[in-house]
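In what follows, a structure is listed as structure tokens, so that the remarks can point back to it.
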Amino acid sequence: MISTKQHIDKELIPILEKVSDPEIPVLSIMDMGVVRSAKLIKGVVEVSITPTYTGCPAMDVIGDDITQALKEHGYEAKVKLILAPAWTTDWITERGRKALQEYGIAPPLNPDADKEALLGEKRIVKCTNCGSTNTKLVSQFGSTACKALFKCDDCQEPFDYFKCLK
Amino acid sequence: MKTNLYNYILELGDNCLIAGQRLGELCGHGPSLETDIACTNISLDLFGQTRSYFQYAADVKGDNATEDSIAFLRYEQQYKNVLLVEQPNRDFAYTVARQYLFDVFHLLLLEKLQFSQDMTLSAIAKKSIKEVSYHVRFSGDWIKRLGDGTDESHEKMQAAINDLWTYTNELFEVTEAAKSLIDDGIAIDAATLKESYYEKVSALLEEATLTIPESKYFQKGGKSGVHTEHLGYLLADMQYMQRAYPNMTW
Ligand SMILES: [Zn+2]
Chain X
1382 MISTKQHIDK ELIPILEKVS DPEIPVLSIM DMGVVRSAKL IKGVVEVSIT
1432 PTYTGCPAMD VIGDDITQAL KEHGYEAKVK LILAPAWTTD WITERGRKAL
1482 QEYGIAPPLN PDADKEALLG EKRIVKCTNC GSTNTKLVSQ FGSTACKALF
1532 KCDDCQEPFD YFKCLK
Chain E
333 MKTNLYNYIL ELGDNCLIAG QRLGELCGHG PSLETDIACT NISLDLFGQT
383 RSYFQYAADV KGDNATEDSI AFLRYEQQYK NVLLVEQPNR DFAYTVARQY
433 LFDVFHLLLL EKLQFSQDMT LSAIAKKSIK EVSYHVRFSG DWIKRLGDGT
483 DESHEKMQAA INDLWTYTNE LFEVTEAAKS LIDDGIAIDA ATLKESYYEK
533 VSALLEEATL TIPESKYFQK GGKSGVHTEH LGYLLADMQY MQRAYPNMTW
């Protein structure tokens, strides 16, 4: 059984919280849930990160940014990419969801609601501009693999929706 | 080296690589902005999956192999992808039909592969299932929209399905490499996916008011490196940089 729990040394948390997702700069990689473990072992910090999507081009950058951030605090780091357990949008923290919303990306709904929204069956995704749920799907695929494109029929603004991945 | 395992990983990875490369050709050339972005997003997912497979293959191979050397420095006959995924983008109906016929198979395969006794393959499969569920939804939707659309879109979609149908049977061929790994629960017996594949595809084609082809003649060869003329051109394009400037990096 592969644990879905995070194992992160306490003193490393503030450092890792300062590393942001290169594509969504308001979001820390910790709030994104991509850091699965970070442990100081014999003077080297071993960090395991997991991709949101396998093709996520941000992962290489995130790895470099982590190494750099730890280096600035005097740590040598080894970053490893792991695939199991697979990332899920459930790992985005409450603070992360708020940051997404404020940045203009509607946070993921639960799986059933997500399906209804993406199939265009129900208008339930909240517009990040005016808060209306009178919104419609424009495209299941948006500016990056993790997002879908929506449009608000009240304020007419287009916005991104972070697709549920479970 | 575990040759059978290596070959089996390539079989899985090459399908993703070549399908992804074909879709990537639509970057900036899609029929509309949304479909352009969708196709390239799916392409990116498939490249991500390819990287996972090839990183593993490089580990298994040793000998300084890397994901890049596996992707860019093999010859045509060394690619093990099915003929279906290398077929060119003739028009958008053809592109989504090819993608759909692959996506359905891909999802069925991954649903089994997630229980593989090989932990790396199992992890890649579990991760990929989430992405491929979106792919099949996208391509399936377009089959319905074009099939059950205008006379012209219907005709084009039917022509695409008729043409590509001949490549579907190869998906279920079991290679020597796979055969040697099935008993240990590492590889999936692709033949066991055949029935549910044709059931699923037929149901959707019917919904899309399309006729299910009754062809009895099927093409094969890709899995053993005997490809259609199209793969060579694709590889020439894809490998150009590494061949022209060996070992170049970004
Ligand atoms: Zn609005």
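Here the protein sequences come in this chain order: X and E. In this text, residue positions in the first sequence follow this note's numbering: the first is 1382, and each later residue adds one. In this text, residue positions in the second sequence follow this note's numbering: the first is 333, and each later residue adds one. Even glycine gets a Cβ: it sits at the ideal position worked out from N, Cα and C. Nothing here was measured: the structure is a model prediction, and the numbers come from that model.
For this session: Classify Met-580 of chain E as buried or exposed, calling it buried when 16 or more other Cβ atoms lie within 10 Å of its own Cβ.
Result: Translated into the one-based positions of the second sequence, residue 580 of chain E becomes position 248. It counts as exposed.
For this session: Using a Cβ-Cβ cut-off of less than 8 Å, give me the residues of the region 376 to 402 of chain E that come near chain X, in sequence order.
Result: Contacts with chain X (Cβ-Cβ distance below 8 Å) from the region 376 to 402 of chain E involve Leu-376, Asp-377, Leu-378, Phe-379, Gly-380, Gln-381, Arg-383 and Ser-384, listed in chain order.
Exercise. CA-CA distance, Cys-1533 of chain X and Tyr-1484 of chain X?
Worked result: For the purposes of this step, residue 1533 of chain X is identified with residue 152 of the first sequence, where counting begins at 1. For the purposes of this step, residue 1484 of chain X is identified with residue 103 of the first sequence, where counting begins at 1. Rounded to whole angstroms, Cys-1533 of chain X to Tyr-1484 of chain X spans 16 Å at the Cα level.
Exercise. Of all residues in the structure, which have a C-beta closer than 6 Å to any heavy atom of ligand 1, taken in chain order?
Worked result: X:Cys-1508, X:Asn-1510, X:Cys-1511, X:Ser-1513, X:Cys-1533, X:Asp-1535, X:Cys-1536 and X:Glu-1538
For this session: Identify, in the order they occur along the chain, each residue of the same chain with its Cβ nearer than 6 Å to the Cβ of Leu-355 of chain E, setting aside the five sequence neighbours on each side.
Result: Translated into positions along the second sequence, residue 355 of chain E becomes position 23. Around Leu-355 of chain E: Cys-371, Ile-374 and Ser-375.
Exercise. How would you label Tyr-589 of chain E, buried or exposed, when you count the other beta carbons within 10 angstroms and need 16 or more for buried?
Worked result: Nothing about residue 589 of chain E can be read from this structure; chain E reaches only from 333 to 582.
Problem set entry | Proximity winner among E:Ala-492, E:Asn-347 and E:Lys-526, relative to Leu-563 of chain E (alpha-carbon distances) | Position 231 of the second sequence, counted from the first residue, corresponds to residue 563 of chain E. Of the candidates E:Ala-492, E:Asn-347 and E:Lys-526, the one whose C-alpha sits nearest the C-alpha of Leu-563 of chain E is E:Asn-347.
Problem set entry | Beta-carbon proximity list for Cys-1536 of chain X, same chain, < 6 Å, skipping 5 on both sides | Translated into positions along the first sequence, residue 1536 of chain X becomes position 155. Here the set comprises Asn-1510 and Cys-1511.
For this session: Report the residues of the region 1389 to 1423 of chain X with a CB closer than 7 Å to any CB of chain E, ordered along the chain.
Result: none
Problem set entry | Residues that Leu-1462 of chain X bridges to, as DSSP identifies them | Locating residue 1462 of chain X in the first sequence gives position 81, where the first residue counts as 1. Beta-bridge pairing links Leu-1462 of chain X to X:Ile-1430.
Problem set entry | Sequence-distant residues of its chain with Cβ nearer than 6 Å to Val-1506 of chain X (five each side left out) | Within the first sequence, numbered from 1, the residue matching residue 1506 of chain X stands at position 125. Closer than 6 Å at the Cβ level, and outside the excluded window around Val-1506 of chain X, lie Ala-1487, Ala-1498, Thr-1516, Phe-1531 and Tyr-1542.
Problem set entry | Through-space distance from Asp-495 of chain E to Thr-1433 of chain X, alpha-carbon basis | Taking the first sequence and counting its residues from 1, the one referred to as residue 1433 of chain X is at position 52. Taking the second sequence and counting its residues from 1, the one referred to as residue 495 of chain E is at position 163. Those two C-alpha atoms are separated by around 36 Å.
For this session: Would you check if there are 3 or more beta carbon pairs closer than 8 Å linking the region 513 to 523 of chain E to the region 433 to 446 of chain E?
Result: yes
Problem set entry | Sub-8 Å separation of Glu-508 of chain E and Lys-552 of chain E beta-carbons | Position 176 of the second sequence, counted from the start, is the residue given in the question as residue 508 of chain E. Position 220 of the second sequence, counted from the start, is the residue given in the question as residue 552 of chain E. Taking 8 Å as the Cβ cut-off, Glu-508 of chain E and Lys-552 of chain E do not qualify as a contacting pair.
Exercise. According to DSSP, what are the bridge partners of Phe-1531 of chain X?
Worked result: Residue numbering aside, residue 1531 of chain X sits at position 150 when the first sequence is read from its first letter. According to DSSP, Phe-1531 of chain X bridges with X:Leu-1518 and X:Phe-1540.
Exercise. Once you ignore the five residues that flank Arg-1417 of chain X on each side, which residues in its own chain have a CB closer than 7 Å to its CB?
Worked result: On the first sequence, position 36 is the one that residue 1417 of chain X refers to. Counting only Cβ-Cβ distances below 7 Å, and skipping sequence neighbours, we find Gln-1387, Ser-1429, Ile-1430, Thr-1431 and Ile-1463.
Exercise. Interface residues of chain X around Glu-366 of chain E at Cβ under 8 Å?
Worked result: What you label residue 366 of chain E is simply residue 34 of the second sequence in a count that begins at 1. Result: Val-1519, Ser-1520, Phe-1522 and Leu-1530.
Exercise. How about Gly-1444 of chain X: is its Cβ closer than 7 Å to a heavy atom in ligand 2?
Worked result: This structure lacks ligand 2; its bound ligands are ligand 1.
Exercise. Nearest-angstrom Cα distance between Ala-1540 of chain X and Cys-1508 of chain X?
Worked result: Position 159 of the first sequence holds residue 1540 of chain X. Position 127 of the first sequence holds residue 1508 of chain X. For the record, residue 1540 of chain X in the displayed sequence is Phe; it is not Ala. Per the coordinates, the alpha-carbon of Phe-1540 of chain X lies some 7 Å from the alpha-carbon of Cys-1508 of chain X.
Exercise. Is Cys-1437 of chain X close to chain E, meaning its C-beta is less than 8 Å from at least one C-beta of that chain?
Worked result: For the purposes of this step, residue 1437 of chain X is taken as residue 56 along the first sequence, with counting starting at 1. Yes, Cys-1437 of chain X counts as interfacial toward chain E.
Problem set entry | N- and C-terminal bounds of the beta strand (DSSP E) containing Arg-1417 of chain X | What you label residue 1417 of chain X is simply residue 36 of the first sequence in a count that begins at 1. Counting along the chain, the beta strand (DSSP E) containing Arg-1417 of chain X begins and ends at 1416 to 1422.
For this session: With 8 Å as the threshold, decide whether the Cβ of Lys-526 of chain E is near any Cβ in chain X.
Result: Taking the second sequence and counting its residues from 1, one reaches residue 526 of chain E at position 194. Not closer than 8 Å to any Cβ of chain X, the Cβ of Lys-526 of chain E fails to qualify, so no.
Exercise. Can you list the alpha helix (DSSP H) stretches of 4 or more residues lying completely in the region 1439 to 1503 of chain X, in chain order?
Worked result: 1439 to 1453, 1475 to 1484 and 1492 to 1499
For this session: Within 10 angstroms of the Cβ of Leu-503 of chain E, are there 16 or more other Cβ atoms? Answer buried if so, exposed if not.
Result: Numbered from 1 along the second sequence, position 171 holds the residue referred to as residue 503 of chain E. Result: buried.
Problem set entry | Sequence-distant residues of the same chain with beta carbon closer than 7 Å to Asp-1495 of chain X, five excluded per side | The count along the first sequence starts at 1 and reaches residue 1495 of chain X at position 114. The answer, listed in chain order, is Pro-1489, Lys-1544 and Cys-1545.
For this session: Under 6 Å Cβ to Cβ from Ile-1422 of chain X, same chain only, skipping five residues before and after it: list those, please.
Result: Position 41 of the first sequence holds residue 1422 of chain X. So the list is empty, once near-sequence residues are dropped.
For this session: Quick one: which unbroken alpha helix (DSSP H) runs of 4-plus residues sit fully inside the region 419 to 486 of chain E? Chain order, please.
Result: 424 to 445 and 451 to 479
For this session: Tell me whether the beta-carbon of Ile-1410 of chain X lies closer than 8 Å to the beta-carbon of Val-1425 of chain X.
Result: One-based indexing of the first sequence puts residue 1410 of chain X at position 29. One-based indexing of the first sequence puts residue 1425 of chain X at position 44. No.
For this session: Measure the Cβ-Cβ separation of Leu-537 of chain E and Ile-350 of chain E and say whether it is below 8 Å.
Result: On the second sequence, residue 537 of chain E is found 205 positions in, with the first residue counted as 1. On the second sequence, residue 350 of chain E is found 18 positions in, with the first residue counted as 1. In this structure, Ile-350 of chain E does not lie closer than 8 Å to Leu-537 of chain E by Cβ.
Exercise. Whose C-beta lies closer than 6 Å to the C-beta of Ala-457 of chain E among residues of the same chain, with five residues either side of it excluded?
Worked result: Indexing the second sequence from 1 puts residue 457 of chain E at position 125. Cβ neighbours of Ala-457 of chain E beyond the five flanking positions: Leu-442, Leu-445 and Gln-446.
For this session: Over the uninterrupted beta strand (DSSP E) stretch that includes Ser-1409 of chain X, give me the two end residues.
Result: Residue 1409 of chain X sits at position 28 when you count from the first residue of the first sequence. First-last of the beta strand (DSSP E) with Ser-1409 of chain X: 1405 to 1409.
Problem set entry | C-alpha distance - Ile-1389 of chain X paired with Glu-1538 of chain X, whole-angstrom precision | Residue mapping note: residue 1389 of chain X aligns to position 8 of the first sequence, counting from 1. Residue mapping note: residue 1538 of chain X aligns to position 157 of the first sequence, counting from 1. Going by the C-alpha atoms only, they are around 40 Å apart.
Exercise. Taking buried to mean at least 16 other C-beta atoms within 10 Å of its own C-beta, is Trp-497 of chain E buried or exposed?
Worked result: What you label residue 497 of chain E is simply residue 165 of the second sequence in a count that begins at 1. Per the 10 Å Cβ criterion, buried.
For this session: Could you give the DSSP three-state label for Val-1425 of chain X: helix, strand or coil?
Result: What you label residue 1425 of chain X is simply residue 44 of the first sequence in a count that begins at 1. Of the three classes helix, strand and coil, the one that applies to Val-1425 of chain X here is strand, per DSSP.
For this session: Give the secondary structure of His-559 of chain E by DSSP, where H, G and I count as helix, E and B as strand, and everything else as coil.
Result: Residue 559 of chain E sits at position 227 when you count from the first residue of the second sequence. DSSP places His-559 of chain E in the coil class of the three-state scheme, outside both helix and strand.
For this session: Return the Cβ separation of Thr-1435 of chain X and Lys-412 of chain E in integer angstroms, given the expectation that the two are a contact with Cβ distance under 8 Å.
Result: Here residue 1435 of chain X corresponds to residue number 54 of the first sequence, with the count starting at 1. Here residue 412 of chain E corresponds to residue number 80 of the second sequence, with the count starting at 1. Their Cβ separation, rounded to whole angstroms, is 20 Å, which puts Thr-1435 of chain X and Lys-412 of chain E out of contact at 8 Å.
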